[in-house]
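The structure appears below as structure tokens.
Numbering (the UniProt record's numbering), first residue to last: 1 to 71.
This is the structure:
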């Protein structure tokens, strides 16, 4: 996945979460720590390292799956 595709995917996941703050809370719920709202906002705009984007994508994907499965 290239940088633009990762940025799009992260933006989609944040939208599914509802907001950057909700994405932050979801990541914190599974990791015990999370990037700040500002870091998520910058990442959605493409201003982060590949590693940061991949970690946020993986964490949000896992958190959203848990959220859906717990309903």
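Every residue, glycine too, gets a C-beta built ideally from N, C-alpha and C.
Within 10 angstroms of the beta-carbon of residue 6 lie 16 or more other beta-carbons, which makes it buried.
Buried is the label assigned to residue 24, since at least 16 other Cβ atoms lie within 10 Å of its Cβ.
Using a Cβ distance threshold of 7 angstroms, residue 42 and residue 59 do not count as a contacting pair. Short of 6 angstroms from the beta carbon of residue 11, and not among the five residues preceding or following it, lie these beta carbons of its own chain, in chain order: 44. Judged by DSSP secondary structure, residue 49 falls outside any alpha helix (DSSP H); it is assigned neither H nor E.
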